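**Q** Take this structure first; my questions come after.
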Amino acid sequence: MPTSVIALSVRVLAPLGRDLTYTHDGPVATGTRVRVPLGQRQVMGVVTGTLETPDNAAELKAIDEVIDSAPLLHAEHLAFLSWASDYYGVGLETLLQSALPKWGRQGRPFTPVTQAWRWNPEHPKPKGSVRQAIWQASQAPICVPALKSLGWTPARALIERGSLLPAEMPRQAAETPLSLNAEQARVIEQVTGAPKPWLLEGVTGSGKTEVYLQLAQPLVEAGQQVLVLVPEIGLTPQLVGRFERRFPGQVLHLHSALSDGLRWQGYGEMARNKKSILIGTRSALLTPLPDLGLIVVDEEHDGSYKQAESPRYHARDLAIVLGARRKVPVVLGSATPSLESIANREAGRFGACYLNQRARAAQPTAQALIDLRGLTLHEGLSDKALSAIRDTLERGEQALVFLNRRGFAPVLTCHSCGYHPECPSCDARPTVHREPKKLWCHHCDYQAPWPARCPSCDERLSILGQGTQRLEQTLELAMAPYPVTRIDRDTAGAGGAGKLLQLAQDGAPRVLVGTQMLAKGHDLPNLTCVVVVDSDAQLFSGDFRALERLGQTLVQVMGRAGRADRPGQVWVQTHQPDHPIWPRLMQGDYAALAQDELTMRKRGHLPPYGHMALWRARSAHAGVAMQHLHDLAAALKPHLNGVKLMGPTPAPMERRAGQYHAQLLLMGPRQALRQVLNTPIPATPRTLWRGLDIDPQDLF
Ligand code: ADP
Ligand code: ZN
Numbered sequence: 092m093p094t095s096v097i098a099l100s101v102r103v104l105a106p107l108g109r110d111l112t113y114t115h116d117g118p119v120a121t122g123t124r125v126r127v128p129l130g131q132r133q134v135m136g137v138v139t140g141t142l143e144t145p146d147n148a149a150e151l152k153a154i155d156e157v158i159d160s161a162p163l164l165h166a167e168h169l170a171f172l173s174w175a176s177d178y179y180g181v182g183l184e185t186l187l188q189s190a191l192p193k194w195g196r197q198g199r200p201f202t203p204v205t206q207a208w209r210w211n212p213e214h215p216k217p218k219g220s221v222r223q224a225i226w227q228a229s230q231a232p233i234c235v236p237a238l239k240s241l242g243w244t245p246a247r248a249l250i251e252r253g254s255l256l257p258a259e260m261p262r263q264a265a266e267t268p269l270s271l272n273a274e275q276a277r278v279i280e281q282v283t284g285a286p287k288p289w290l291l292e293g294v295t296g297s298g299k300t301e302v303y304l305q306l307a308q309p310l311v312e313a314g315q316q317v318l319v320l321v322p323e324i325g326l327t328p329q330l331v332g333r334f335e336r337r338f339p340g341q342v343l344h345l346h347s348a349l350s351d352g353l354r355w356q357g358y359g360e361m362a363r364n365k366k367s368i369l370i371g372t373r374s375a376l377l378t379p380l381p382d383l384g385l386i387v388v389d390e391e392h393d394g395s396y397k398q399a400e401s402p403r404y405h406a407r408d409l410a411i412v413l414g415a416r417r418k419v420p421v422v423l424g425s426a427t428p429s430l431e432s433i434a435n436r437e438a439g440r441f442g443a444c445y446l447n448q449r450a451r452a453a454q455p456t457a458q459a460l461i462d463l464r465g466l467t468l469h470e471g472l473s474d475k476a477l478s479a480i481r482d483t484l485e486r487g488e489q490a491l492v493f494l495n496r497r498g499f500a501p502v503l504t505c506h507s508c509g510y511h512p513e514c515p516s517c518d519a520r521p522t523v524h525r526e527p528k529k530l531w532c533h534h535c536d537y538q539a540p541w542p543a544r545c546p547s548c549d550e551r552l553s554i555l556g557q558g559t560q561r562l563e564q565t566l567e568l569a570m571a572p573y574p575v576t577r578i579d580r581d582t583a584g585a586g587g588a589g590k591l592l593q594l595a596q597d598g599a600p601r602v603l604v605g606t607q608m609l610a611k612g613h614d615l616p617n618l619t620c621v622v623v624v625d626s627d628a629q630l631f632s633g634d635f636r637a638l639e640r641l642g643q644t645l646v647q648v649m650g651r652a653g654r655a656d657r658p659g660q661v662w663v664q665t666h667q668p669d670h671p672i673w674p675r676l677m678q679g680d681y682a683a684l685a686q687d688e689l690t691m692r693k694r695g696h697l698p699p700y701g702h703m704a705l706w707r708a709r710s711a712h713a714g715v716a717m718q719h720l721h722d723l724a725a726a727l728k729p730h731l732n733g734v735k736l737m738g739p740t741p742a743p744m745e746r747r748a749g750q751y752h753a754q755l756l757l758m759g760p761r762q763a764l765r766q767v768l769n770t771p772i773p774a775t776p777r778t779l780w781r782g783l784d785i786d787p788q789d790l791f
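Start counting the sequence shown at 92; every next residue gets the next number (my numbering).
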């Protein structure tokens, strides 16, 4: 056995839940991707460390291939992923699978793409007209598309000969930073050099983005990297645009429309610090950033930071962990912070930054509640709301009508016999859709034709309730000739609401109808009237987070009214005018609403004062998931040590997509909860699926 044989621990991308040991005849750095034999197969893996060479080294299998000459994942990044894997109770390989782009998982090497070429001054002027044109054009760096337009075949030959050398395109001039107002300057001063989490609370338009940009500036100049997390990339084109103008050529924008190749290229560029700023949704957090200097989490309260399937991590929470490990500031920005972050601020764990003024002066908005009880409604809209919208349009301004329910209507029913269609695989009624005309279950994607008449008594069916499609139709008739634009998941498609909102940027009178996709994104300077059609269902939801979420959404939606020279108006329709949330919202007092909610949470030992872990199980047969969770509960019971065990119970919607769902909730102080979770438990039977959700956001 040659002495140079080295034993390495390798995490293979297969669900084994532990490292394996392989050998190699030389050192391999931690974080390097390798190909290793596993049974009869060959699989990709990542080196997680170097081991003392064991006595039986000769019996160990050797690595087949070292893929990266220098690792893309640095050791500290791997340690962070391990921490997350431990906290969320998922295998490191699962996080690595999520973190690596497809090409990376396939084991493709990373080769930086040359963006531009320049003539090698040591080479003489070539012969031939095309080559001479290339020679002429490449005296200064020429980008690849321009080179291709001159002739790619001769250009490639010149590259191979070394006549053209890789070069960088000169950077466009960066936009000049704005001069900060006093509040902004104070925030910069607070955060700079204080590597801890900061909750930056400031209304939309108060200049948070400008603060992010100016915090990033000195770091980028010093060669450090900045991670900017955003909830949904489709809704943040303005933010991305501003970063690109301020830091030309330095921004990588990770979004769903990127090809696999570009995604891998981007990952490698960040891992090698070829680019300084990474903007992306939650999974961007899993990208290795060797020279991280700052993390920004914009709209930190947004629910999309929690991944709804395995690995069920929360990107805001992990960003705080990452910031602490790397000793860099984490700025959590929001107009409506999560109760978790407010509680952390109150406990002194997060620093407090405020931006109270709008950077550009705006008139205050007038807010009014419309008590719908006893009023005649026109497809859900009161006369008051309709005339407010019409007046707005006639003044040459824009109105926004908010309803968080897509589709045409929630219910199709027979007025004479009570028949209503049901989803065959869920405990739910399919939503009525108009374009295209169908019944569509939003829980399992079941789709069926819309019956013209009642199948049991042949009466005409009635459509009850409103969705955005029906509202759009109603408003088109009522507001003609003014255009109506509907913005929801059905009209926006995968690209998000950006393009549709762009339409409204011209400021021409228009009605925007939509779901919470309307809450964020483009600044619409001519929008002066907001109508909230119906939020009553959320007032009495069984979910303990419902009021927090409703408050956040309504504050955001209502905040879209108002411009610099004319006051905005907000109309909120409700059948429940006495609910205690309304005075808070009507005064725009999110802070008071948050305090009300925090008091309730504290009383119930609910998050953020207690911690939760949720076991979920599902099975194709009724009762199987419940029975298994009963067994699980029995195993945990002797070890609870103050942790509360609730359930098992059938999930609020028990049958979903043909499966029966059940859940078991654990609640208590974090340390005690972690101990309970370390209790040995029965294995998952083949007949069901089981998963653990740490810090669950939704209890269904
Ligand atoms: P937020 O991110 O809080 O919504 P922005 O940073 O987008 O706020 O600022 C809102 C608007 O005010 C933008 O048009 C921005 O250019 C402008 N703005 C921000 N800070 C300043 C400043 N210091 N001076 C002038 N305009 C500013
Ligand atoms: Zn269904």
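The C-beta atom is built at its ideal place from N, Cα and C for all residues, glycine as well.
For clarity, every value in this text was computed on a predicted model and none was experimentally measured.
Let me know if Gln688 comes out buried or exposed under the rule of 16 or more other beta-carbons within 10 Å of its beta-carbon.
**A** Before going further, note that residue 688 is Glu rather than Gln in the sequence given. Flag for Glu688 reads buried.
**Q** If you count every other CB in all the chains shown that lies within 10 Å of the CB of Cys508, and 16 or more means buried, which is it?
**A** Burial call: exposed.
**Q** Which of the three DSSP states, helix, strand or coil, is assigned to Met92?
**A** Unreliable positioning characterises Met92 in this predicted model, as indicated by a pLDDT of 48, which lies under 50. The coordinate reading is nonetheless provided below. The answer is coil: DSSP assigns Met92 none of H, G, I, E or B.
**Q** Beta carbon of Lys299: closer than 6 Å to some heavy atom of the ligand ADP?
**A** For the ligand ADP, at least one heavy atom lies less than 6 Å from the Cβ of Lys299.
**Q** Looking at the unbroken beta strand (DSSP E) that takes in Arg577, where does it start and where does it end?
**A** Here the beta strand (DSSP E) through Arg577 covers Val575 to Ile578.
**Q** Since Gly478 is in the alpha helix (DSSP H), which residue starts that stretch and which ends it?
**A** According to the sequence shown, residue 478 is Ser rather than Gly. Asp474 to Glu485 is the span of the alpha helix (DSSP H), which, as asked, contains Ser478.
**Q** Under DSSP, the alpha helix (DSSP H) around Val176 begins and ends at which residues?
**A** Per the sequence shown, the amino acid found at residue 176 is Ser instead of Val. Unbroken alpha helix (DSSP H) run through Ser176: Ala166 to Tyr179.
**Q** Enumerate in chain order the residues of its own chain whose CB-to-CB distance from Arg777 is below 6 Å, with the five nearest sequence positions on each side excluded.
**A** Cβ neighbours of Arg777 beyond the five flanking positions: none.
**Q** Measuring from the CB of Asn447, is there a heavy atom of the ligand ADP at a distance below 6 Å?
**A** Outside the cutoff, so no.
**Q** Where Cys620 and Gly659 are concerned, what is the direct C-alpha to C-alpha distance, given to the nearest angstrom?
**A** The straight-line gap from Cα to Cα measures roughly 6 Å.
**Q** Measure from the alpha carbon of Asp786 to the alpha carbon of each residue in Arg373, Ile386 and Ala399, then state which is nearest.
**A** Nearest option by C-alpha distance: Ala399.
**Q** Check each candidate in Leu609, Gln593 and Pro215 and name the one with the smallest Cα separation from Arg580.
**A** Minimum Cα distance to Arg580 is reached at Leu609.
**Q** Is any heavy atom in the ligand ZN found nearer than 6 Å to the beta carbon of Tyr751?
**A** False, no ligand heavy atom lies under 6 Å from that Cβ.
**Q** Can you give me the C-alpha to C-alpha distance between Tyr358 and Cys545, rounded to a whole angstrom?
**A** One C-alpha to the other measures close to 55 Å.
**Q** In whole angstroms, give me the CA-to-CA distance for Thr427 and Leu172.
**A** Answer to the nearest angstrom: the Cα atoms are 29 Å apart.
**Q** Taking the alpha-carbon of Leu385 as reference, which of Val282, Leu256, Ser100 and Gly738 has the nearest alpha-carbon?
**A** Selected option, being the one with the closest Cα: Val282.
**Q** Buried or exposed, going by whether 16 or more other CB atoms sit within 10 Å of the CB of Leu779?
**A** Label assigned to Leu779: buried.
**Q** State the Cα-Cα distance for the pair Met92 and Ala149, rounded to the nearest angstrom.
**A** Low local confidence applies: a pLDDT of 48 at Met92 is under 50, so the model's placement there is unreliable, with the coordinate-based value given in what follows. For Met92 and Ala149, the distance between alpha carbons rounds to 7 Å.
**Q** For Ala595, collect the residues of the same chain with a Cβ closer than 7 Å to its Cβ; drop the 5 residues on either side in sequence, then sort them by chain order.
**A** So the list reads Gln489, Thr576, Arg601, Leu603 and Leu615, once near-sequence residues are dropped.
**Q** What runs of the alpha helix (DSSP H), each 4 residues or longer, lie entirely inside the segment 208-277?
**A** Correct list: 220-228 and 235-252.
**Q** Any residues whose CB sits closer than 7 Å to a heavy atom of the ligand ZN? List them in chain order?
**A** Cβ atoms closer than 7 Å to the ligand ZN belong to Cys514, Ser516, Cys517, Ala519, Pro521, Cys532, His534, Cys535, Tyr537, Arg747 and Ala748.
**Q** For Ser240, count the other beta carbons within 10 Å of its own beta carbon; 16 or more makes it buried, fewer makes it exposed. Which is it?
**A** When all chains shown are included, Ser240 counts as exposed.
**Q** Quick one: Cα of Thr123 to Cα of Met361, how far?
**A** If you take the alpha carbons of Thr123 and Met361, they lie about 16 Å apart.
**Q** What residue from Ser632, Ile480 and Ala415 has the CA that sits closest to Glu167's CA?
**A** With distances taken between Cα atoms, Glu167 lies closest to Ala415.
**Q** Is Gly659 near the ligand ADP, in the sense that its beta carbon is under 6 Å from a heavy atom of that ligand?
**A** Gly659: no, Cβ never under 6 Å from the ligand ADP.
**Q** Less than 6 Å between C-beta atoms, sequence neighbours within five positions excluded: which residues of the same chain meet that for Ala190?
**A** Excluding residues within five positions, the ones whose Cβ falls inside 6 Å are Leu377.
**Q** Throw me the rounded Cβ distance for the Leu736 and Ala753 pair, which I believe falls under 8 Å.
**A** About 14 Å separates the two Cβ atoms, so there is no contact after all.
**Q** What are the complete alpha helix (DSSP H) segments, minimum 4 residues, inside the segment 404-452?
**A** Entirely contained in the segment 404-452, the alpha helix (DSSP H) runs reaching 4 residues are, in chain order, 406-417 and 430-437.
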